[in-house]
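Just so you know, this note's numbering puts 196 at position 196 of the sequence shown, and the rest follows in order with no gaps. Positions of the beta carbon are idealized from the N, C-alpha and C atoms, including for glycine.
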Amino acid sequence: MSLAPYVQIVARGKGRSRALSMAEAQEAMQLILAGHAAPEAVGALLMVLRLRGEEPQEIAGFTAALRIHVQGKLPSADLDWPCYAAGRSRGAPLFLLAARLVSNAGYSVSMHGWNSHQSGAASLRAALDLAGPRVTYTALETLSPEAFSLLNLRDTFGLRSCFNTVLRVWNPSQAPATVQGVFHPSYRGLQAQAAEMLGQQDMSIIKGGGGEFERNPAKEVRVFGLRNGAHIQKTAAPILSETRRLHEVSRTVDIRGLWHGGIQDSFAKATITGTAAIGLWTLKAAPSLLAAQNMAEALWDSRHNQRGLTA
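#1: First and last residue of the alpha helix (DSSP H) that includes residue 157?
#2: Going by the CB atoms, is the gap between residue 224 and residue 189 shorter than 9 Å?
#3: Can you tell me whether residue 225 is helix, strand or coil according to DSSP?
#4: Quick one: measure Cβ to Cβ for residue 173 and residue 103, integer angstroms, because I've assumed they're closer than 8 Å.
#5: Nearest-angstrom Cα distance between residue 125 and residue 62?
#6: On the criterion of 16 or more Cβ atoms from any shown chain inside 10 Å, does residue 242 qualify as buried, or is it exposed?
#7: For a quick check, are the C-beta atoms of residue 94 and residue 255 less than 9 Å apart?
#8: Excluding five sequence neighbours on each side, which residues of the same chain lie with their C-beta closer than 8 Å to the C-beta of residue 10?
#9: Would the beta-carbon of residue 98 fall within 9 Å of that of residue 252?
#10: In whole angstroms, what separates the C-alpha of residue 81 from that of residue 154?
#11: Could you work out which residue in 194, 12, 244, 79 is closest to residue 285 when comparing CA atoms only?
#12: Once DSSP output is grouped into helix, strand and coil, what is the label at residue 315?
#13: Using DSSP's beta-bridge definition, name the partner residues of residue 112.
#14: Note down, one range per segment and in chain order, each alpha helix (DSSP H) of at least 4 residues found wholly within the stretch 168–216.
#15: Out of curiosity, what's the CA-to-CA distance linking residue 60 and residue 101?
#16: Taking the alpha-carbon positions, what's the residue 196 to residue 262 distance?
#17: Within the same chain, show all residues whose beta-carbon is closer than 7 Å to that of residue 65, passing over the 5 residues directly before and after it, in chain order.
#18: May I ask you to report which of helix, strand or coil DSSP gives residue 275?
#19: Look at the alpha carbon of residue 209 and the alpha carbon of residue 265, and state the distance between them as a whole number of angstroms.
#20: Does DSSP put residue 231 in a helix, in a strand, or in coil?
#21: May I ask which residues mark the beginning and end of the alpha helix (DSSP H) holding residue 260?
#22: Find the nearest neighbour of residue 296 within the set 281, 273, 290, judged by alpha-carbon distance.
#23: Going by the beta-carbon positions, is the gap between residue 200 and residue 178 smaller than 9 Å?
#24: Measuring only the C-alpha atoms, how far is residue 221 from residue 36?
#25: Among the candidates 149, 146, 105, whose CA atom is the shortest distance from the CA of residue 132?
#26: Can you give the beta carbon distance from residue 148 to residue 114, rounded, assuming they're within the 8 Å contact cut?
#27: Distance, Cα to Cα, residue 332 vs residue 207?
#28: Would you list the residues sitting across from residue 236 in a DSSP beta bridge?
#29: Once the 5 residues before and after residue 68 are set aside, which same chain residues still bring their CB inside 7 Å of it?
Structure, rendered in structure tokens:
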């Protein structure tokens, strides 16, 4: 079967086209991942969806197909943490240390991703020695070469496609809780709706630095997502009173020196604990964002105690 019938559904023209159903989207993505779709048809489908705008049932269907495609490749985890930012202005991957704090509370964290257009200082992969035993990172090109090829169509189109959204909703480790970062705030609700259709129960989505799940501690942060399957919107208050961007080009952070205590940086520390707090709250390790912040700060203070704090 070809992809043509699915392209026809979305591209017939004004008054005749419609969105794909979740089942149709899943069938279309299964064809693509199996290599049964002409590249011209893949490009046509993705660009029509970009022009028209993404629909939650289409994202859910594409994601369901991708989950089946990699089923069993990753062990289960407590928290799914996608990492797909491509921002050129990103600094050190402080969110990795936030994931480390979450794991020090006794949770397993499954990170997966691909990061392009970033400097060496911003490289997540170069800092994985700081991840700790309960945090795993799986490169997209290893987990699914087919998905990697679809993501890299951005270089061909010169534009992102809905597949960027799919990768954030993916959750290949089938974790009961997930955290997601977005660059454009409008995607927070879209991703929550798609996750609900896929049966996700607990998730938190924020506008993060460069699109990563990493909060700015000097700003109020709106948290969208799901709690026990119901949609939520919560506000995380600023942690610091100073006003500045999350990553300043003129300010570099020695991530290893920060973790090991060789340098002190209150803003970087607040970025880490604030990000970890939302993750802990998503996991229900703490009953409120404030309590989760207190827990994250305690985890930071005890980070060199191998036993740490356990959930």
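Result, derived from the coordinates:
#1: Walking along the sequence shown from the start, residue 157 turns up at place 157. Counting along the chain, the alpha helix (DSSP H) containing residue 157 begins and ends at 153–157.
#2: Here the question's residue 189 lines up with position 189 in the sequence shown. Here the question's residue 224 lines up with position 224 in the sequence shown. Yes, the pair counts as a contact, with Cβ atoms nearer than the cut-off.
#3: Along the sequence shown, one-based indexing puts residue 225 at 225. Strand, per DSSP.
#4: If you number the sequence shown from 1, residue 173 lands on position 173. If you number the sequence shown from 1, residue 103 lands on position 103. Going by Cβ atoms, the distance from residue 173 to residue 103 rounds to 14 Å, so no, they are not a contact pair.
#5: Along the sequence shown, read from residue 1 onward, the residue named residue 125 stands at position 125. Along the sequence shown, read from residue 1 onward, the residue named residue 62 stands at position 62. Going from the Cα of residue 125 to the Cα of residue 62 covers about 27 Å.
#6: Taking the first residue of the sequence shown as 1, we reach residue 242 at position 242. When all chains shown are included, residue 242 counts as exposed.
#7: On the sequence shown, position 94 is the one that residue 94 refers to. On the sequence shown, position 255 is the one that residue 255 refers to. Contact annotation: residue 94 and residue 255 have beta-carbon atoms nearer than 9 Å.
#8: By 1-based counting over the sequence shown, the position of residue 10 is 10. The answer, listed in chain order, is 17, 18, 19, 20, 45, 48, 49, 52.
#9: Against the sequence shown, residue 98 aligns to sequence position 98. Against the sequence shown, residue 252 aligns to sequence position 252. Going by C-beta atoms, residue 98 is not nearer than 9 Å to residue 252.
#10: Looking up residue 81 in the sequence shown gives position 81. Looking up residue 154 in the sequence shown gives position 154. So the two alpha carbons sit approximately 22 Å from each other.
#11: Along the sequence shown, read from residue 1 onward, the residue named residue 285 stands at position 285. Of the candidates 194, 12, 244, 79, the one whose C-alpha sits nearest the C-alpha of residue 285 is 79.
#12: What the structure shows of the chain is the stretch from 1 to 311, and residue 315 is not part of that stretch, so it cannot be assessed.
#13: Within the sequence shown, numbered from 1, the residue matching residue 112 stands at position 112. Looking at the DSSP assignment, residue 112 forms a beta bridge with 82, 138.
#14: Residue ranges of uninterrupted alpha helix (DSSP H) with 4 or more members, entirely inside the stretch 168–216 and ordered along the chain, are 187–197.
#15: Position 60 of the sequence shown, counted from the first residue, corresponds to residue 60. Position 101 of the sequence shown, counted from the first residue, corresponds to residue 101. The alpha-carbon atoms of residue 60 and residue 101 are separated by roughly 30 Å.
#16: Along the sequence shown, one-based indexing puts residue 196 at 196. Along the sequence shown, one-based indexing puts residue 262 at 262. One C-alpha to the other measures close to 43 Å.
#17: To locate residue 65, count along the sequence shown from 1; it is residue 65. For residue 65, where only same-chain residues beyond five positions count, the Cβ hits under 7 Å are 26, 29, 30, 33.
#18: What you label residue 275 is simply residue 275 of the sequence shown in a count that begins at 1. Of the three classes helix, strand and coil, the one that applies to residue 275 here is helix, per DSSP.
#19: Stepping through the sequence shown from its first residue, residue 209 is reached at position 209. Stepping through the sequence shown from its first residue, residue 265 is reached at position 265. One C-alpha to the other measures close to 18 Å.
#20: Locating residue 231 in the sequence shown gives position 231, counting from the first residue. Taken through DSSP and simplified to helix, strand or coil, residue 231 comes out as strand.
#21: In the sequence shown, counting from the first residue as 1, residue 260 sits at position 260. In the DSSP assignment, residue 260 falls within the alpha helix (DSSP H) that extends over 255–260.
#22: Along the sequence shown, one-based indexing puts residue 296 at 296. If we check each option's Cα against that of residue 296, 273 comes out closest.
#23: The residue labelled residue 200 in the question sits at position 200 within the sequence shown. The residue labelled residue 178 in the question sits at position 178 within the sequence shown. Contact flag set, yes.
#24: Position 221 of the sequence shown, counted from the first residue, corresponds to residue 221. Position 36 of the sequence shown, counted from the first residue, corresponds to residue 36. Taking the CA atoms as reference points, residue 221 sits about 43 Å from residue 36.
#25: In the sequence shown, residue 132 corresponds to position 132, counting from 1. Checked all of 149, 146, 105; the closest Cα to residue 132 is 105.
#26: By one-based count along the sequence shown, residue 148 stands at place 148. By one-based count along the sequence shown, residue 114 stands at place 114. Correct: roughly 7 Å between the Cβ atoms.
#27: The requested residue 332 is not part of the displayed model; the chain covers only 1 to 311.
#28: Counting from one through the sequence shown, the residue named residue 236 turns up at place 236. Answer by DSSP bridge pairing, in chain order: 221.
#29: Stepping through the sequence shown from its first residue, residue 68 is reached at position 68. For residue 68, where only same-chain residues beyond five positions count, there are no Cβ hits under 7 Å.
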